[in-house]
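Visitor: Encoded as structure tokens, here's the structure I'll be asking about.
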Amino acid sequence: MKRVALASVVLAMASMSFLSCGYSSSYYKPPSGLTTRVAASQSVSTPTAFPGLLIIDGANDTIGRGGISAGSSPGLMAISPDRKTLLVFDSVSNSVAVINARTETATGSIPLPGPTTSVVALATGFGYAAVPGAIVNGSPTGGVVVLNLTAGGIMATISVPSAQTVVASPDGTKLLVFSNDSDAVTIMSPLLVNTGNPVTVAVPGFDRPVNGVFSADGSTAYILNCGPECASGTASASVQTLDMATSSVGAPLAVDGATIGWLNGSTLYLAGNSPTNNSCAGETTAALTCGRLDIVDLGSMTLTSSVVITDGFHDRIDMSSNGQLFIGSYGCTTIGNVNNPQGEVRGCLSIFDTTTAGNTTAVIPPDNGDVTGLQSFTSRDVEYVAEGGNLRVYDTTKDALLISSFISTGTITISGEIIDVKAIDFF
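Just so we're aligned, residue 376 is where the sequence shown starts under the numbering used here, counting upward by one.
The following block contains the structure:
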């Protein structure tokens with residue numbers, strides 16, 4: 376296996392800033408001088424800005440000093456559970472920049488054998504990228520690329536045909552790998568890589584599974600079956616349990632759509648689209664079709680309610696500290712113009728208040744564009760939302776843009792296009 380040494384890269388960028396989490400200000404402050412950092416990947420160059428990572432002060436929503444080089448078109452990010460390492464995918468070079476969050480420097484870049492839309496970073500010093508176009512000798516195209524984040528380079532490429540999405544268990548000992556046009560889920564054991572033992576097992580019995588949500592203890596995974604939304608699936612999307620100890624599969628519970636999910640206690644929230652239950656009833660909108668947020672009681676494994684949300688392919692979800700669920704999609708029905716709001720303005724973001732009993736209505740903010748990043752905080756009632764290339768700050772006590780002395784419009788003013796946001800410091 377080819378190993379590529381990580382080259383040291385240190386680049387100051389006057390127009391950029393970056394956020395980091397997990398380090399006590401009592402003994403250390405990073406070069407930015409901030410202890411409540413949020414990283415924002417800026418993908419598009421302008422005459423006054425450069426691609427890379429901006430450092431945002433998450434305490435007051437201002438841009439900090441300095442910045443980090445992360446390729447010419449940085450976008451998708453992943454952060455390790457200990458908040459020490461940040462991975463940034465550059466879509467132009469198909470490479471992953473490895474960022475030391477403590478020192479706010481890029482320690483190198485690892486080329487991938489193709490594009491990816493799913494990367495995880497573990498505290499073990501390794502990262503995992505699902506690359507559907509990866510070439511594995513003697514196997515169908517597709518695999519999970521194992522990245523050595525300390526020594527640099529690719530440690531191994533594990534064959535998983537058409538690998539599209541990878542999800543890590545809470546303790547990082549198991550990975551779920553989802554493949555395009557497959558009715559199986561692959562369980563990967565990352566600690567077994569290069570030990571001579573079998574690394575993967577394919578578990579059948581699903582219907583075009585596209586994602587999964589782990590229980591808090593990692594013993595159960597709730598597998599999201601895309602069903603008809605993924606074209607070749609059956610009549611209904613569904614959710615099924617997967618016992619991680621025995622690989623046994625539970626019976627499917629039919630839902631409207633299931634491409635992304637969020638688990639809160641014994642309640643599972645599922646977002647997606649239905650080919651039949653897709654009206655926008657209850658909303659005043661010019662949109663002809665809408666998506667659905669289904670709420671599942673895991674205790675009884677029953678569907679308790681369904682909420683109308685925006686359409687598009689739902690692949691972003693996050694819950695604020697005060698129980699506001701943010702759901703984002705791409706390719707949704709866009710209406711109006713946020714820069715010239717003469718009528719309805721609608722994009723790909725929906726917000727649902729999970730704390731109000733019996734609530735069946737979502738808030739659709741007047742904004743345009745795909746939602747590509749979401750980030751909540753434990754110490755503030757705000758949510759960062761990357762939508763349409765802008766970085767919005769939502770007041771989650773009102774489910775509306777935050778208006779403060781620092782951001783009078785609810786938007787952090789940035790010259791380039793923001794793709795993703797990740798909190799580095801715990802705050």
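For glycine and all other residues, C-beta sits at the position ideal for the given N, C-alpha and C.
Run through DSSP, which three-state label would E762 get?
Guide: Reading the sequence shown from its first residue, position 387 is the one you call residue 762. Correct three-state label for E762: strand.
Visitor: Helix, strand or coil for L617 per DSSP?
Guide: Residue mapping note: residue 617 aligns to position 242 of the sequence shown, counting from 1. Three-state DSSP puts L617 in a strand.
Visitor: Can you tell me whether D592 is buried or exposed, with buried defined as 16 or more other CB within 10 angstroms of its CB?
Guide: Against the sequence shown, residue 592 aligns to sequence position 217. Exposed, since its Cβ has fewer than 16 Cβ neighbours within 10 Å.
Visitor: Quick check on this structure: which residue in M452, P488, N469, G441 has the alpha carbon closest to the alpha carbon of V479?
Guide: As a first step, residue 479 is located in the sequence shown; it is residue number 104 there, counting from the start. Here the sequence assigns Glu to residue 479, which means Val is not the residue at that position. The residue with the shortest Cα to Cα distance from E479 is G441.
Visitor: Between the segment 705–712 and the segment 727–736, do at least 3 Cβ pairs fall closer than 8 Å?
Guide: no
Visitor: Please classify I778 as buried or exposed, where buried requires at least 16 other C-beta atoms within 10 Å of its C-beta.
Guide: Position 403 of the sequence shown, counted from the first residue, corresponds to residue 778. I778 comes out exposed.
Visitor: Compute the beta-carbon to beta-carbon distance between L668 and A646, rounded to the nearest angstrom, for a pair I have assumed lies under 8 Å.
Guide: As a working note, residue 668 is residue 293 in the sequence shown. As a working note, residue 646 is residue 271 in the sequence shown. With a Cβ gap of about 5 Å, L668 and A646 count as contacting.
Visitor: For G518, name the three-state secondary structure that DSSP assigns.
Guide: Here residue 518 corresponds to residue number 143 of the sequence shown, with the count starting at 1. Correct three-state label for G518: strand.
Visitor: Please specify which runs of the alpha helix (DSSP H), each continuous and at least 4 residues long, are wholly inside the segment 395–478, giving them in chain order.
Guide: none
Visitor: Between T491 and the rest of its own chain, which residues show a CB-CB distance below 7 Å, the 5 nearest in sequence each way excluded?
Guide: In the sequence shown, residue 491 corresponds to position 116, counting from 1. Non-local C-beta neighbours of T491 in its own chain, meaning closer than 7 Å and more than five positions away in sequence, comprise F464, A504, A505, V506, ordered along the chain.
Visitor: What does the Cβ neighbour count give for A737, buried or exposed, with the cut at 16 atoms within 10 Å?
Guide: Here residue 737 corresponds to residue number 362 of the sequence shown, with the count starting at 1. Per the 10 Å Cβ criterion, buried.
Visitor: Rounded to whole angstroms, what's the CA-CA distance from M376 to V520? Just pull it up for me.
Guide: Here the question's residue 376 lines up with position 1 in the sequence shown. Here the question's residue 520 lines up with position 145 in the sequence shown. Interpretation of M376 is limited by its pLDDT of 35, a score under 50 that renders its predicted location unreliable; the figure taken from the coordinates is listed afterwards. M376 and V520: Cα-Cα distance of roughly 11 Å.
Visitor: Quick one: what's got a C-beta closer than 8 Å to S401's C-beta in the same chain, skipping five residues either side?
Guide: Against the sequence shown, residue 401 aligns to sequence position 26. Bear in mind that a pLDDT of 46 at S401, under 50, signals an unreliable position, so the model cannot answer this.
Visitor: For G640, which of helix, strand or coil comes out of DSSP?
Guide: Taking the first residue of the sequence shown as 1, we reach residue 640 at position 265. In the structure shown, G640 sits in coil (DSSP, three-state: anything other than H, G, I, E or B).
Visitor: Buried or exposed for G657, please, with buried defined as at least 16 other CB atoms from any protein chain shown within 10 angstroms of its CB.
Guide: Mapped onto the sequence shown, residue 657 falls at position 282. Its Cβ having fewer than 16 others within 10 Å, G657 is exposed.
Visitor: Hey, would you say R767 sits closer than 7 Å to V757, going by beta carbons?
Guide: Here residue 767 refers to the residue found at position 392 of the sequence shown. Here residue 757 refers to the residue found at position 382 of the sequence shown. The answer is no: Cβ separation not under 7 Å.
Visitor: By a C-beta neighbour count over all protein chains shown, 10 Å radius and 16 as the cutoff for buried, is D556 buried or exposed?
Guide: Translated into the one-based positions of the sequence shown, residue 556 becomes position 181. Classification for D556: exposed.
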